[in-house]
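Here the numbering used here is used: the first residue of the sequence shown is 2, the next is one more, and so on.
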Amino acid sequence: MYEGTRVKLIVRNGRTLEGTIFFVDAQQIKLKQVVFHDTPQTPISELVVKSADLKDLQVLPPEKQTLPAAVTSAKPPPTKAWASGPPPAADPSAIPAASASQPSFPPLAANHNAQSHMAPVNHMPSPPVQMHQRNPGSQFPPPPPPSSMLMQQGGLLMSPSVDHRHVHNGHAQPVQTSSPQLSKAAFIDPAIVSMSSLPPIPSGLPVPLQSILLASNVPVPSSPVIHNAPNLERQQEMNPPATPTEKKVKERNGEKEKNGDKSKINYFNMNDVLDSITSTYVPNTRHLDVGEIQIRNPSPVKRPANSVNVKKVSKQDQSTFSEPAEAEEYNEDFDFVGNNAKFNKDKVFSQMLSEHNLSDVPDAENAVVPIESIPKTQFYVDGKVISAVTSDQMKLICHLSAQSTFSQNIIIENAARSICELIWREYITPDMTNPRVVVLVGVGQNGCVGLAVARQLANRNVNVIITRSRAYQLPNESVEQRKYYLECKNAKEAQIGSLPVEKVDLIIDALIGCGLRGTPLAPTSTLIQWANANGGTILSVDVPSGMEATTGAVTDLTVKPHATVALTLPKTGMNEENSGVMYVCDVGLPNGLLSGLGDGLAFPLYGSSYIKRVTC
Ligand SMILES: NC(=O)C1=CN([C@@H]2O[C@H](COP(=O)(O)OP(=O)(O)OC[C@H]3O[C@@H](n4cnc5c(N)ncnc54)[C@H](OP(=O)(O)O)[C@@H]3O)[C@@H](O)[C@H]2O)[C@H](O)CC1
Ligand SMILES: [K+]
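In structure tokens:
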């Protein structure tokens with residue numbers, strides 16, 4: 002709802018900028034038509050600021066929703082030629098680049114209520130010159146110059162072509178980088194995570210905006226403190242005047258301290274940004290839950306229409322697969338609610354993460370994941386509370402299990418058996434003749450579970466086809482699990498391009514779990530699109546592939562499952578909208594393995610069933 006709103010931002014080092022919001026979530030705010038107050042002559046087409054680097058945010062009042070002179074005086078873009086040579090050759094697997102003659106973003110409509118007039122971000126804009134002529138009296142300017150022009154002007158901008166395969170590994174290398182002349186101090190700002198001059202995506206193409214933004218999520222060269230920026234307290238020492246938001250953070254820390262909670266909030270929470278928006282200028286606006294704005298997918302998650310092969314879940318099944326008597330046993334054995342309340346997971350996990358020196362997990366002090374905005378930390382099984390984990394916490398669990406002598410293949414097998422228990426109950430019923438199942442297999446441990454499911458089903462004469470997103474650089478377990486699968490008499494493997502066009506009975510989504518980094522890239526994205534388009538019932542392993550497990554954020558390139566089986570514990574981002582019917586399954590990890598994580602994180606007691614229905 003804030004899209005199209007023009008805002009003023011003060012970033013961590015005190016610089017002030019103005020831009021038009023086109024995306025906001027708990028972790029970042031993405032702006033178009035950006036100008037810095039101290040360098041108004043050099044507008045930037047797109048810019049991402051992490052919430053951790055924000056000092057304050059104000060919505061500009063309606064009369065100030067026009068763009069500054071620097072942007073309005075920008076010339077229309079040239080019709081040809083990139084600043085540093087011709088556009089890169091088209092890579093069929095990469096995001097299609099629009100022609101250089103298109104503006105970098107759609108022009109704003111000539112109306113103060115920018116919100117309702119903001120063009121869809123992936124909408125192909127009209128040529129800027131025409132827009133200007135059509136609307137000569139408009140106070141709104143022609144769109145700003147495209148990347149080529151900005152680069153000529155000295156902006157530190159990324160090339161329209163970025164090697165996406167490298168980007169998600171965190172080692173993105175722009176094809177064209179800034180020249181020494183381009184690296185002006187005015188553009189090098191530790192608060193700016195990325196600046197993008199990528200061309201817009203033509204409408205109708207199945208590539209979400211996020212891919213492009215993530216593709217440009219490259220640390221700014223010579224920016225000294227993006228990841229190790231001083232925390233807010235140190236920051237306050239350096240920049241004493243506290244903004245309203247800093248005051249809020251201080252107040253919150255004060256409250257926490259009063260309640261005996263020594264942990265501190267040392268990041269800028271986007272909830273406060275939203276508070277400041279709603280309380281400053283937008284009248285009659287209810288407070289937004291971060292969860293509500295994290296999902297930027299314009300098309301809501303749809304359940305597959307075919308439920309013919311899906312048994313209706315009875316009232317009793319909805320709460321449990323087990324006999325009611327089991328629930329009584331839990332009461333005697335374990336006080337979930339009580340224990341959960343006692344357990345400070347964040348604290349324990351921060352400690353564990355630092356003890357285990359996990360390099361790819363952000364360090365707790367400068368974490369940009371706003372833990373407070375986690376959608377759900379608790380779910381219910383059999384009416385009893387169970388904890389949910391974030392993807393970092395799940396990575397820690399996987400790390401601990403990998404470190405122990407306990408074999409990964411045992412976990413994989415247990416997960417697969419539990420999932421098969423559900424499949425035989427709900428998805429492959431005796432009345433089905435020759436049920437066809439496609440298993441989509443990713444490159445990590447999630448994919449290994451898919452391979453084991455494939456074997457279990459093939460062993461029982463189900464017509465199974467597996468398709469792998471990659472055939473090289475795989476973990477040992479993946480190679481082994483595929484070998485075991487191929488030893489089944491009727492095992493079949495298909496190339497990505499030869500997956501059935503006609504609807505199959507069941508699709509097992511084992512592409513990516515908690516190891517997701519950014520928006521899915523090809524060919525994984527192609528498999529996700531195939532699954533969503535096929536119409537077959539989808540069952541996701543651990544989390545829907547492409548969904549960010551912590552926040553539940555989804556894009557057009559996220560699997561839309563009928564059901565999801567979370568391994569070990571539910572993930573905080575899960576809900577029925579993004580995950581379908583939710584289950585949790587026991588993978589058989591020795592319970593002593595996680596005893597250090599606190600009582601609240603005890604595995605649910607499963608009783609006679611290894612898989613349980615989970616509710617919010
Ligand atoms: N105790 C348990 O419950 C266990 C659960 N397990 C399951 O394992 C996963 C975590 O396994 P991991 O191998 O770490 O991660 P994934 O299976 O999710 O795969 C990550 C790889 O996927 C690739 N990737 C990541 N992001 C993208 C993207 N945007 N586009 C394309 N591909 C992507 C990437 O591969 P690269 O080789 O390209 O780096 C990742 O490495 C957990 O969720 C459970 O499902 C385990 O079985 C252990 C015990
Ligand atoms: K998955």
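Backbone N, C-alpha and C define an ideal beta-carbon position, used for all residues, glycine too.
Can you find the residues in the same chain that come closer than 8 Å, C-beta to C-beta, to residue i, ignoring five residues on each side of it along the sequence?
i	result
Thr551	Val370, Ile375, Thr391, Ser392, Asp393, Lys572, Thr573 and Gly574
Leu594	Leu401, Ser402, Ser405 and Phe407
Val454	Ala417, Ile420, Cys421, Ile424, Val440, Ile509, Ala511 and Val542
Ile612	Phe322, Ser419, Ile420, Glu422, Leu423, Val566, Tyr584, Val585, Cys586 and Asp587
Pro1	The structure shown does not extend to residue 1, since the chain is modelled only from 2 to 617, so the question has no answer here.
Asn491	Ala459, Asn462, Asn464 and Val465
Taking only three categories from DSSP, how would you classify residue i?
i	result
Pro41	strand
Thr527	helix
Met271	The pLDDT assigned to Met271 is 42, lower than 50, so where the model puts this residue is not dependable, and the model offers no usable value.
Asn464	strand
Gln474	coil
Ser609	coil
Leu423	helix
Gly547	coil
Pro107	Caution is warranted here: a pLDDT of 25 is assigned to Pro107, below 50, making its placement in the model unreliable, and the coordinate value is therefore given only provisionally. It is coil, neither helix nor strand.
Cys399	helix
Leu594	helix
Cys586	strand
Lys9	strand
Lys65	helix
Ser392	helix
Leu522	coil
Val450	helix
Gly255	helix
Leu16	According to the sequence displayed, residue 16 carries Arg and not Leu. Looking at Arg16 - three-state DSSP - the assignment turns out to be coil, as it is neither helix nor strand.
Glu414	helix
Beta-carbon within less than 7 Å of residue i's beta-carbon, same chain only, minus the 5 sequence neighbours each way: which residues are those?
i	result
Leu528	Leu441, Thr468, Ser470, Ile497 and Leu512
Cys489	Arg456, Ala459 and Asn460
Gly581	Arg304, Pro562, His563, Ala564 and Thr565
Ala495	Ile466 and Thr468
Ser526	Leu558
Restricting to Cα atoms, I'd like to know which of the options is closest to residue i.
i	options	result
Asn533	Val502, Ala554, Gly514 and Leu517	Val502
Val505	Ile412, Thr434, Glu258 and Gly608	Thr434
Val463	Pro524, Lys493, Cys515 and Leu32	Lys493
Gly451	Gln474, Met548 and Ile412	Ile412
Val615	Glu478, Leu570 and Val555	Leu570
Ser46	Glu481, Leu522, Gln379 and Lys33	Lys33
Ile22	Leu61, Pro41 and His38	Leu61
Asp383	Ala554, Asp57, Ser610 and Arg16	Ser610
Asn410	Glu578, Thr430, Tyr485 and Ala523	Tyr485
Gln446	Arg426, Val438, Leu475 and Pro562	Leu475
Pro591	Asn260, Cys617, Cys399 and Val50	Cys399
Val544	Asn579, Glu19, Leu48 and Val50	Asn579
Lys65	Lys9, Gln29 and Phe37	Lys9
His38	Asn477, Gln29, Glu19 and Lys31	Glu19
Gln29	Gly255, Leu48 and Leu522	Leu48
Leu522	Asn535, Ser546, Leu500 and Ser499	Ser546
Gln530	Thr559, Asn576 and Leu397	Thr559
Ala554	Asn576, Asn535, Leu397 and Lys257	Asn576
Glu549	Leu517, Gly608, Arg437 and Asp432	Leu517
Lys377	Gly608, Cys617 and Gln59	Cys617
Ala389	Val50, Lys31 and Leu568	Leu568
Enumerate in chain order the residues of its own chain whose CB-to-CB distance from residue i is below 6 Å, with the five nearest sequence positions on each side excluded.
i	result
Met395	Cys515
Pro242	In this predicted model, Pro242 has a pLDDT of only 42, less than 50, meaning its place in the structure is not dependable enough to derive any value.
Pro524	Ser470 and Ile497
Cys449	Ile413, Glu478, Ser479 and Gln482
Practice item. Scan the stretch 549-579 and note each continuous beta strand (DSSP E) run of 3 residues or more that stays entirely inside, going in chain order. Key: 564-568
Practice item. Could you tell me which uninterrupted beta strand (DSSP E) segments, each at least 3 residues in length, are contained entirely in the stretch 475-516, listed from first to last along the chain? Key: 507-511
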